[in-house]
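In this note's numbering, the protein residues as written are 15 to 168.
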Ligand SMILES: [Zn+2]
């Protein structure tokens, strides 16, 4: 085992190794592999082939980068990837947040002022405050533009 470790160490010396971009490629490859498993049973052969090509491509690219001796070029690639990721990720965070907000509305309990999160189902409803137990009427409009369109006294 020690012998193996030493051999591995010698093999990896001078090579670039693992980084965030390779992790991304591995994850993308894995997602493609899972997709392939499902697509195999569907009639869209071309999509399956694209998927399995991408799966192989991502894995080979990741292994190539890990074993690469051109550490300078690989570092630049990783920096480029991180710059793109930092730009793209906040966009997705905003997106998931607004989707979450779209499915719920926020109401204040008229008695204890507790903030209630209610499912956005259009119409008149009776809701019960989980804090003080007060039952009160809620009217929900489908209106997305305003962030908290239904807030305020009733
Ligand atoms: Zn209450």
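The beta carbon of each residue, even a glycine, is placed where N, CA and C say it ideally should be.
{"Check": "Assigned secondary structure, residue 118 (DSSP; H/G/I helix, E/B strand, else coil)", "Outcome": "strand"}
{"Check": "Stretch-stretch touch, CB-based, cutoff 8 angstroms, three pairs: the stretch 47–62 with the stretch 90–110", "Outcome": "no"}
{"Check": "Inter-stretch contact at 8 angstroms, needing at least 3 Cβ pairs: the stretch 62–82 / the stretch 97–106", "Outcome": "no"}
{"Check": "Check whether residue 118 and residue 133 have beta carbons under 8 angstroms apart", "Outcome": "yes"}
{"Check": "Residues surrounding ligand 1 [beta-carbon distance to nearest heavy atom under 7 angstroms]", "Outcome": "123, 125, 126, 128, 143, 145, 146, 148"}
{"Check": "Distance, residue 144 Cα to residue 41 Cα", "Outcome": "42 angstroms"}
{"Check": "Between the CA atoms of residue 149 and residue 211 - distance to the nearest angstrom", "Outcome": "Nothing in the structure corresponds to residue 211, since the chain is present only between 15 and 168."}
{"Check": "Per DSSP, the bridge partner or partners of residue 152", "Outcome": "139"}
{"Check": "Reference residue 154; option with closest CA among 121, 85, 22", "Outcome": "121"}
{"Check": "Supposed close pair residue 95, residue 35 - CB separation, criterion 8 angstroms", "Outcome": "4 angstroms"}
{"Check": "Counted within 10 angstroms of its Cβ, other Cβ atoms place residue 81 as buried (16 or more) or exposed", "Outcome": "exposed"}
{"Check": "Residue 133 - DSSP class collapsed to helix/strand/coil", "Outcome": "strand"}
{"Check": "As assigned by DSSP and simplified to three states, the class of residue 106", "Outcome": "helix"}
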